[in-house]
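Report on the structure given below.
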Amino acid sequence: MQVQNGDFSISERPIDMAAFRAALQDEQCGAFVLFEGWVRNHNDGREVGRLEYEAYIPMAEPLGREIVAEALQRFDISRAAAVHRQGNLGLGEPAVVVGVASSHRDAAFRACRYIIDEIKHRVPIWKKEHYADGSTEWVDCRLTPGVKAEETAG
Amino acid sequence: MQVQNGDFSISERPIDMAAFRAALQDEQCGAFVLFEGWVRNHNDGREVGRLEYEAYIPMAEPLGREIVAEALQRFDISRAAAVHRQGNLGLGEPAVVVGVASSHRDAAFRACRYIIDEIKHRVPIWKKEHYADGSTEWVDCRLTPGVKAEETAG
Amino acid sequence: MKRLTVKWFAAYRDATGVTEESVETAAATTADLFAEMTERHPALGGYRRALVAINNEMKDWAAGIGDGDEVLFFPPVAGG
Amino acid sequence: MKRLTVKWFAAYRDATGVTEESVETAAATTADLFAEMTERHPALGGYRRALVAINNEMKDWAAGIGDGDEVLFFPPVAGG
Numbered sequence: 004m005q006v007q008n009g010d011f012s013i014s015e016r017p018i019d020m021a022a023f024r025a026a027l028q029d030e031q032c033g034a035f036v037l038f039e040g041w042v043r044n045h046n047d048g049r050e051v052g053r054l055e056y057e058a059y060i061p062m063a064e065p066l067g068r069e070i071v072a073e074a075l076q077r078f079d080i081s082r083a084a085a086v087h088r089q090g091n092l093g094l095g096e097p098a099v100v101v102g103v104a105s106s107h108r109d110a111a112f113r114a115c116r117y118i119i120d121e122i123k124h125r126v127p128i129w130k131k132e133h134y135a136d137g138s139t140e141w142v143d144c145r146l147t148p149g150v151k152a153e154e155t156a157g
Numbered sequence: 004m005q006v007q008n009g010d011f012s013i014s015e016r017p018i019d020m021a022a023f024r025a026a027l028q029d030e031q032c033g034a035f036v037l038f039e040g041w042v043r044n045h046n047d048g049r050e051v052g053r054l055e056y057e058a059y060i061p062m063a064e065p066l067g068r069e070i071v072a073e074a075l076q077r078f079d080i081s082r083a084a085a086v087h088r089q090g091n092l093g094l095g096e097p098a099v100v101v102g103v104a105s106s107h108r109d110a111a112f113r114a115c116r117y118i119i120d121e122i123k124h125r126v127p128i129w130k131k132e133h134y135a136d137g138s139t140e141w142v143d144c145r146l147t148p149g150v151k152a153e154e155t156a157g
Numbered sequence: 029m030k031r032l033t034v035k036w037f038a039a040y041r042d043a044t045g046v047t048e049e050s051v052e053t054a055a056a057t058t059a060d061l062f063a064e065m066t067e068r069h070p071a072l073g074g075y076r077r078a079l080v081a082i083n084n085e086m087k088d089w090a091a092g093i094g095d096g097d098e099v100l101f102f103p104p105v106a107g108g
Numbered sequence: 029m030k031r032l033t034v035k036w037f038a039a040y041r042d043a044t045g046v047t048e049e050s051v052e053t054a055a056a057t058t059a060d061l062f063a064e065m066t067e068r069h070p071a072l073g074g075y076r077r078a079l080v081a082i083n084n085e086m087k088d089w090a091a092g093i094g095d096g097d098e099v100l101f102f103p104p105v106a107g108g
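Chains A, B, C and D supply the protein sequences, listed in that same order. Just so you know, we're using this note's numbering here: the first sequence kicks off at 4 and counts up by one. Just so you know, we're using this note's numbering here: the second sequence kicks off at 4 and counts up by one. Just so you know, we're using this note's numbering here: the third sequence kicks off at 29 and counts up by one. Just so you know, we're using this note's numbering here: the fourth sequence kicks off at 29 and counts up by one.
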């Protein structure tokens, strides 16, 4: 896996943390903040056995790079990158990593937070939970009572 | 290096990141935030060649553990730990790492920030910069014009 | 009438049972088209409407659709 | 007069030239003791006063000192 400053990529394979860190190393920087999203064993009270991520790469990668570029422009940081998995992930596996290096820690914390928040909001990636009981569910997709009409499907 | 949930330790040797991460792994957690403080090649306009950290371990370790315990109590997080180096460090080396795992990312970001801020404030650790020109300086220790009397030495 | 391609992702693909389909429609906007598609695939009615893109660019629900467009309907995203 | 031990760290140790010293003093508080020490080690005058501990517990500058105490003067901390 090749990672460079400014990158956002969707990876079919486990994230190579060493390569990811290496891309963000910078002797001008005194602060490094890393966020990882892990596959956890429960959600909404149900026991989760594994996750399946689907990404629409032709838009996910450009949108992700746009978010990383926004962070590099808005915050006083030197380097930033992110990688998101697709495919099947087991419990505890990192589904996404976001790394930011900067001179001072405040900007690194804020930029890292910005990138993960925007990824979760704007990038076409979907998550299917496979439960211990064998059933599955795409996360946050079903219409639930109380949802306003304009947020509904149809 | 043995690291456990709640730990704060001073390490003479390079931080074993794999052991550190392993101590914070938790299948209940969906978010992990890691902060690293890196030795950078400049400070206040001067070129830095290496750093030397001194810690007063009999107080630094208990005070650090107290800070980590505060974070575990104040924020909705599952695991937290930190390691700080002492001795000589070269450019780019991590001087401190703080890791926090939680169900949701907001608490992990806030707790990680809390721990590093408090470490920098309350834990008896000092940093001597060795400059490219051969001179040295303990960081932030000298009395400078404009500093109020009660903050001065003597 | 225009002819265009509609692509379905994730929960929508499972609900419609198709990855992509060729559609002949008089719908003027993305919202109109989604409503029409929900009539064709009633299972979509159980899902939230979220994001839409045309020819790989994000659009809103008032965006006009044209002949030959590729319209992508995205369920609520859930990365991370 | 009390007899106590004073320990110096980092910049203070470099300024005083000693790691620890045995001191006989009439000083009542940590602040008084630090002032007295600054007379003994004028180089301390160039540094900021920061934190003080007695017998491995953090104290403030009004804290009383007693016979046999180990008083630790810490320059401004700079971890991270």
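Think of the CB as a built atom: it goes at the ideal place given N, C-alpha and C, for glycine as much as any other residue.
Flag residue i as yes if its beta-carbon sits less than 7 Å from any beta-carbon of chain B, otherwise no.
| i | result |
| --- | --- |
| phenylalanine 35 of chain A | yes |
| arginine 49 of chain A | no |
| arginine 76 of chain D | yes |
| aspartate 10 of chain A | no |
| aspartate 116 of chain A | Looking at the sequence itself, residue 116 of chain A is arginine, so the reference to aspartate does not match. Yes, arginine 116 of chain A lies at the interface with chain B (some Cβ there is under 7 Å from its Cβ). |
| glutamate 55 of chain A | no |
| alanine 38 of chain D | yes |
Enumerate in chain order the residues of its own chain whose CB-to-CB distance from residue i is below 6 Å, with the five nearest sequence positions on each side excluded.
| i | result |
| --- | --- |
| isoleucine 82 of chain D | Asp97 and Val99 |
| valine 101 of chain B | Phe38, Ala85, Cys115, Ile118 and Ile119 |
| alanine 78 of chain C | Phe102, Pro103 and Pro104 |
| lysine 131 of chain A | Glu55, Thr139 and Trp141 |
| aspartate 79 of chain A | Ala110 |
| glutamate 57 of chain A | Trp129 |
| proline 17 of chain A | none |
Grab the span of the beta strand (DSSP E) containing residue i for me, first residue to last.
| i | result |
| --- | --- |
| valine 34 of chain C | 30-36 |
| leucine 94 of chain B | Segment: none, leucine 94 of chain B is in no beta strand (DSSP E) and carries neither H nor E. |
| isoleucine 88 of chain A | Residue identity differs from the one stated: residue 88 of chain A is arginine in this sequence, not isoleucine. Residues 82-88. |
| tyrosine 113 of chain D | Look at the range of chain D in this structure, 29 to 108, and you will see that residue 113 of chain D is not part of it. |
| valine 99 of chain C | 98-102 |
| threonine 139 of chain B | 139-141 |
| isoleucine 93 of chain C | Where isoleucine 93 of chain C is concerned, there is no enclosing beta strand (DSSP E), given that its DSSP letter is neither H nor E. |
According to DSSP, is residue i part of a helix, a strand, or is it coil?
| i | result |
| --- | --- |
| glutamate 85 of chain D | strand |
| glutamate 30 of chain B | coil |
| histidine 107 of chain A | coil |
| glutamate 121 of chain B | helix |
| arginine 116 of chain B | helix |
| threonine 47 of chain D | coil |
| arginine 16 of chain B | coil |
| arginine 49 of chain A | strand |
| arginine 41 of chain D | helix |
| alanine 156 of chain B | With a pLDDT of only 42 at alanine 156 of chain B, under 50, the local geometry of the prediction cannot be trusted, and no value is derived from it. |
| glycine 107 of chain C | coil |
| glycine 40 of chain B | strand |
| glycine 102 of chain A | strand |
| leucine 146 of chain A | coil |
| valine 6 of chain B | coil |
The alpha helix (DSSP H) with residue i in it runs from where to where?
| i | result |
| --- | --- |
| leucine 27 of chain B | 20-27 |
| threonine 58 of chain D | 58-68 |
| valine 71 of chain A | 60-77 |
Apart from the five residues just before and just after residue i, which ones in its own chain have a Cβ nearer than 7 Å to its Cβ?
| i | result |
| --- | --- |
| alanine 72 of chain A | Gly9 |
| glycine 157 of chain B | Residue placement at glycine 157 of chain B is poorly supported in this model, since its pLDDT is 39, which falls under 50; the coordinates are not used for a value here. |
| isoleucine 13 of chain A | Ala58, Ile60, Ala63, Glu64, His87 and Gln89 |
Less than 7 Å between the C-beta atoms of residue i and residue j, yes or no?
| i | j | result |
| --- | --- | --- |
| valine 126 of chain A | alanine 63 of chain A | yes |
| glutamate 30 of chain B | leucine 94 of chain A | yes |
| histidine 133 of chain B | arginine 49 of chain B | no |
| glutamate 15 of chain A | glycine 67 of chain A | no |
| arginine 88 of chain B | alanine 98 of chain B | yes |
| glycine 108 of chain C | lysine 123 of chain A | yes |
| glutamate 52 of chain D | lysine 35 of chain D | no |
| cysteine 32 of chain B | tyrosine 75 of chain D | no |
For chain D, find out if any of its Cβ atoms is closer than 7 Å to the Cβ of residue i; answer yes or no.
| i | result |
| --- | --- |
| glycine 40 of chain B | yes |
| histidine 45 of chain B | no |
| leucine 27 of chain B | no |
| methionine 62 of chain B | yes |
For residue i, collect the residues of the same chain with a Cβ closer than 8 Å to its Cβ; drop the 5 residues on either side in sequence, then sort them by chain order.
| i | result |
| --- | --- |
| alanine 56 of chain D | Gly92 and Ile93 |
| aspartate 95 of chain C | Lys30, Arg31 and Leu32 |
| phenylalanine 37 of chain D | Leu100, Phe101, Phe102 and Pro103 |
| glutamate 153 of chain A | The predicted position of glutamate 153 of chain A is uncertain, since its pLDDT is 48 and thus under 50; a value taken from the coordinates is nonetheless stated next. Correct list: empty, nothing qualifies. |
| alanine 25 of chain A | Val6 |
| asparagine 46 of chain B | Glu132 and Val142 |
Is any beta-carbon of chain A found at less than 7 Å from that of residue i?
| i | result |
| --- | --- |
| asparagine 83 of chain C | no |
| alanine 71 of chain C | no |
| alanine 56 of chain C | no |
| valine 105 of chain C | yes |
How about residue i: is its C-beta nearer than 7 Å to some C-beta of chain C?
| i | result |
| --- | --- |
| glycine 157 of chain A | With a pLDDT of only 40 at glycine 157 of chain A, under 50, the local geometry of the prediction cannot be trusted, and no value is derived from it. |
Please compile the residues from chain E whose C-beta is within a distance smaller than 9 Å of the C-beta of residue i.
| i | result |
| --- | --- |
| alanine 91 of chain C | Looking at the structure shown, chain E is missing, and the protein chains on hand are A, B, C and D. |
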